[in-house]
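In the working numbering, the protein residues as written are 1 to 325.
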Amino acid sequence: MHAMTIPQPGDPDILTWAEVPDPVPAEGEVLVDVVASAVNRADIAQRQGNYPPPPGAPPYPGLEASGRVAALGPGVAGWAVGDEVCALLSGGGYATKVAVPAGQLLPVPQGVDLVAAAALPEVASTVWSNVFMVAHLRPGETLLVHGGASGIGTMAIQLAKAVGARVAVTAGSAEKLERCRALGADILINYREQDFASELKKATDGGGADVILDIVGADYLKQNVKALAVNGRITIIGMQGGRRGELDIGALMMKRGAVVGTTLRSRPLGEKASIVAAVREHVWPLIESGRVKPVIDRAVAMQDAADAHRYVEESGHVGKVLLTV
1 MHAMTIPQPG DPDILTWAEV PDPVPAEGEV LVDVVASAVN RADIAQRQGN YPPPPGAPPY
61 PGLEASGRVA ALGPGVAGWA VGDEVCALLS GGGYATKVAV PAGQLLPVPQ GVDLVAAAAL
121 PEVASTVWSN VFMVAHLRPG ETLLVHGGAS GIGTMAIQLA KAVGARVAVT AGSAEKLERC
181 RALGADILIN YREQDFASEL KKATDGGGAD VILDIVGADY LKQNVKALAV NGRITIIGMQ
241 GGRRGELDIG ALMMKRGAVV GTTLRSRPLG EKASIVAAVR EHVWPLIESG RVKPVIDRAV
301 AMQDAADAHR YVEESGHVGK VLLTV
């Protein structure tokens, strides 16, 4: 098969499309002929040498893919060769084939084409696990999403609105904020021009956010606590703004707040399977009904992954950037 290899850490041009050994599905795995994958920030960090794949994962980037089942490993039931699927991966999506633990496999939702399905597994799993399974967002509460126009952000807006929450977003341009509004965002904050904590407080009559989904990390920690409502929950899923920040424990205690940091890629297989099962139960019906849709900025050939990485690093996209085989 062919895969996008990383001969050494570096800029996007280091990505090399090369012939590599075919994967063989192990016990409990399914082999998928890949039709599309998607670019995630973790792929960029891996290319730069800052986010190695977990033990046992393929060395190639790609945390999600869509395609057709090519073969079943021993002990797999419930899937058949030819099934159209999408999958949450620990790596290996930038390739023509990938072996996937069966518990991380999802059917392509009705009404979604096979290529577009590659935009769903990682964002749906990340948002559902963090916003709902960890932070327990409830109807009537306010969710603040940093990076509202990102792949994660566009999914978070839609899922939160679908369960009856109010949604605030930050983004860096009027155009991106309007795209967020079109998806259902209620409160729009331009982080380049406005103090998001102050603006959120004003928009909520001083109440703040019940749940904050944060991709920034250290740089936003102080302001996130300021923006938090009493009994609020902050879930940190990224470190684009650094990994070390100062936490005012007294301010957090006064709000009876919680700060949780999570990752998805390195979780044990059983935890990932539980998250994927929850996504299939709760998110897939919303997609099949049309209430939630994949948001795709563009699709480029997988061999042009370097161009896709550059585009994502410039943060000009809204939603997901796909790579097609």
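C-beta atoms are modelled at their ideal positions from N, C-alpha and C, and glycine is treated no differently.
All values reported here derive from a predicted model rather than from experimental measurement.
C-alpha of A149 to C-alpha of P268: approximately 29 Å in a straight line. The beta carbon of G103 sits closer than 7 Å to the beta carbons of L269, K272, A273 and V276 from its chain, once the five residues preceding and following it are set aside; these are given in chain order.
Here the alpha carbon of V292 sits roughly 27 Å from the alpha carbon of E199. Looking at the DSSP output, D113 sits in no beta bridge, so it has no partner there. The Cβ-Cβ distance between P54 and Q46 does not fall below 8 Å. The three-state reading of DSSP puts D307 in helix, counting H, G and I together. Between the alpha carbons of V81 and A70 lies a gap of roughly 5 Å.
Scanning T154, A185, R265 and K176 for the CA closest to the CA of A168 turns up A185. Of the candidates A171, H136, S129 and P58, P58 places its Cα closest to the Cα of P101.
Your pair W128 and A258 does not check out as a contact, with CB atoms roughly 18 Å apart and the cut at 8 Å. Collapsing the DSSP output to three states places I44 in a helix.
Nearest to T235 by C-alpha distance, out of G73, M4, N130 and V32, is N130. The C-alpha of K226 lies about 15 Å from the C-alpha of T142. 8 Å or more divides the Cβ of C180 from the Cβ of A174. Beta-bridge annotation (DSSP): T5 is paired with T16. Counting only runs of 4 or more residues that sit fully inside the segment 137-185, the alpha helix (DSSP H) segments are 151-162 and 174-183, in chain order. Annotation: P139 to P23 spans about 44 Å, alpha carbon to alpha carbon.
Here the alpha carbon of P61 sits roughly 12 Å from the alpha carbon of W17. The segment 295-309 and the segment 32-48 touch, with no fewer than 3 CB-CB distances between them shorter than 8 Å. For the pair G242 and L323, the Cα-to-Cα distance works out to about 28 Å.
Non-local C-beta neighbours of Q48 in its own chain, meaning closer than 6 Å and more than five positions away in sequence, comprise P9, ordered along the chain. DSSP places E246 in the coil class of the three-state scheme, outside both helix and strand. With 16 or more other CB atoms across the displayed protein chains lying within 10 angstroms of its CB, S90 is buried. In the assembly as shown, Q110 is an exposed residue. Its beta-carbon has fewer than 16 other beta-carbons within 10 Å. In summary, L247 is exposed, with fewer than 16 beta-carbon neighbours lying within 10 Å of its beta-carbon over all protein chains present. Per DSSP, the continuous beta strand (DSSP E) segment holding G67 begins and ends at E64 to L72. With at least 16 other beta carbons inside 10 angstroms of its own, M239 counts as buried. For G67, the CB contacts under 6 Å within the same chain, skipping 5 residues up- and downstream, are V32, D33, V34 and V35 in chain order.
Here V300 is bridged, per DSSP, to L323. With a beta-carbon spacing of about 5 Å, L105 and V85 fall inside the 8 Å limit used to define contacts.
Linking E122 to L88 through their CA atoms gives a straight-line distance of about 6 Å.
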